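Working notes for the structure below.
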Amino acid sequence: MLPSFWIATDRAIAGIDRLVPAERFTAVGRGIALAGVVLPLFLIGILKFTSIEVEVLKPLISNTPWLSWLYPAFGEPGAAALLGVAEVFTAALLLASPWFPRAGVLGGAFGAVTFAVTSSTMLALPIWEAGSGGFPFLDATGSFLIKDIVMLGVSVVVLGDSLARLRAR
40 MLPSFWIATD RAIAGIDRLV PAERFTAVGR GIALAGVVLP LFLIGILKFT SIEVEVLKPL
100 ISNTPWLSWL YPAFGEPGAA ALLGVAEVFT AALLLASPWF PRAGVLGGAF GAVTFAVTSS
160 TMLALPIWEA GSGGFPFLDA TGSFLIKDIV MLGVSVVVLG DSLARLRAR
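If you read the sequence shown in the numbering used here, its first letter stands for residue 40, the second for the next number, and so on.
And the structure:
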């Protein structure tokens with residue numbers, strides 16, 4: 040029974056590959072992944088210029104030791120605006136990356152740093168839902184931050200792909 044399952048699976052895979060080559064799936068997937076980083080980065084970046092987001096950021100920044108210096112240095116609205124500028128700028132660079140590999144190197148690097156920092160805040164913040172028994176149940180903060188791990192990965196892929204394209208010139 041099992042060998043016939045694998046034979047049928049192999050035939051189905053070969054049929055799909057004849058209809059749409061694997062490279063096309065990869066290209067479409069990369070585009071979707073890039074959009075999945077650029078859109079939230081841009082939309083959340085412009086939100087940083089609103090008083091609502093300044094309030095939302097307070098517990099995240101003030102309770103993360105490696106970010107708390109932002110408030111004494113820039114004030115609460117200034118820190119939010121600084122992050123917003125960085126996020127919108129990074130989104131623009133990532134958006135340009137398919138056509139301009141240098142933009143991809145910068146955008147990928149800025150994105151990687153951004154998402155490494157935001158992902159690392161999960162180490163300092165209470166992100167487990169106590170009412171559900173804690174780990175592995177994420178609270179609202181954890182649910183918001185966990186996606187940044189994927190965005191970190193996409194940023195690193197953009198960085199590596201852009202470096203390879205520059206090297207190939």
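Think of the CB as a built atom: it goes at the ideal place given N, C-alpha and C, for glycine as much as any other residue.
The structure displayed is predicted, hence computed values, not measured ones.
### Query
Do the CB positions of GLY147 and VAL93 come within less than 8 Å of each other?
no
### Message
Below 8 Å on the Cβ atoms is my contact criterion, and I expect VAL197 with LEU133 to pass it. Report the Cβ-Cβ distance as a whole number of Å.
### Response
The C-beta distance from VAL197 to LEU133 rounds to 6 Å, short enough to meet the 8 Å contact threshold.
### Query
In the DSSP assignment, what residue or residues form a beta bridge with TRP167?
LEU177
### Task
Spatial neighbours of PRO140 within its chain, please: CB distance less than 6 Å, with the 5 preceding and 5 following residues excluded, ordered by chain position.
SER201, ARG204, LEU205
### Query
How many Å lie between THR48 and LEU58 at the Cα?
So the alpha carbons of these two residues sit roughly 16 Å apart.
### Message
Along the chain, where does the alpha helix (DSSP H) containing LYS65 start, and where does it finish?
### Response
Residue 65 is actually Thr in this sequence, not Lys. Note, THR65: alpha helix (DSSP H), 61 to 86.
### Of the listed residues ALA155, PHE154, ALA130, THR153, nearest to GLY143 (C-alpha basis)
Among ALA155, PHE154, ALA130, THR153, the Cα nearest to that of GLY143 is on ALA130.
### SER43 (DSSP reduced to helix, strand or coil)
helix
#### Entry: Anticipated Cβ contact below 8 Å, GLY191 with SER158, distance rounded
Going by the sequence as given, residue 191 is Leu instead of Gly. That pair is a contact at about 6 Å.
### Task
Can you grab the Cα-Cα spacing for the pair ILE83 / LEU177, in whole Å?
In this model, ILE83 and LEU177 are separated by some 21 Å (Cα to Cα).
### Task
Using alpha carbons as the reference points, say which of ALA151, ILE85, THR180, LEU80 lies closest to LEU162.
THR180
### Message
Looking at LEU96: is its Cβ nearer than 8 Å to the Cβ of ALA119?
### Response
yes
### Task
Work out the CA separation of VAL76 and VAL127 for me, nearest whole Å.
11 Å
### Task
With a threshold of 16 other CB atoms inside 10 Å of the CB of ASP187, please say whether the residue is buried or exposed.
buried
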